[in-house]
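Residue numbers (our numbering): 17 to 143. The block underneath contains the structure these notes are about, expressed in structure tokens.
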């Protein structure tokens, strides 16, 4: 049997804060706008938080699956902002929303990139 070992505690704290903040954001979005996609993303986020704290052996897979959503969503928004800028509609770009998308996109990419380095497994000794 294998057990999960967190090699980098700072990574774990950053991932937990990011997922918790995103969970809160999607919760508000779900109730305020009746967005059911946000509800499905919230379920996945809750499962990943559950995996992190119980040191589930599939935690790396869960984190990588979960980061697909912010990378896809925020990456799409960044492409839209870029197309606005190229087409000369830069007046339509809200800078606060743009920088928020940049932050969430880069954070998700970094979480995905450091997942393999920060989470490992080792054989459990039964003594």
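Beta carbons are placed, not taken as given, at the ideal position from N, Cα and C, and that holds for glycine.
Candidates the options, of which the one nearest residue i by Cα
{"i": "residue 68", "options": "56, 27 and 52", "result": "27"}
{"i": "residue 79", "options": "102, 53 and 57", "result": "57"}
{"i": "residue 29", "options": "110, 131, 92 and 104", "result": "131"}
{"i": "residue 124", "options": "61, 71 and 66", "result": "61"}
{"i": "residue 81", "options": "59, 93 and 70", "result": "59"}
Exposure label - residue i; buried when at least 16 CB within 10 Å
{"i": "residue 88", "result": "exposed"}
{"i": "residue 83", "result": "buried"}
{"i": "residue 141", "result": "exposed"}
{"i": "residue 38", "result": "buried"}
Cα-Cα separation between residue i and residue j, rounded to whole angstroms
{"i": "residue 55", "j": "residue 49", "result": "11 angstroms"}
{"i": "residue 63", "j": "residue 110", "result": "33 angstroms"}
{"i": "residue 18", "j": "residue 104", "result": "55 angstroms"}
{"i": "residue 47", "j": "residue 139", "result": "44 angstroms"}
{"i": "residue 70", "j": "residue 36", "result": "16 angstroms"}
C-beta atoms of residue i and residue j nearer than 7 angstroms
{"i": "residue 100", "j": "residue 108", "result": "yes"}
{"i": "residue 117", "j": "residue 90", "result": "yes"}
{"i": "residue 24", "j": "residue 106", "result": "no"}
Supposed close pair residue i, residue j - CB separation, criterion 8 angstroms
{"i": "residue 21", "j": "residue 75", "result": "At roughly 11 angstroms, the Cβ-Cβ gap does not stay under 8 angstroms, so residue 21 and residue 75 are not in contact."}
{"i": "residue 34", "j": "residue 127", "result": "7 angstroms"}
{"i": "residue 73", "j": "residue 137", "result": "7 angstroms"}
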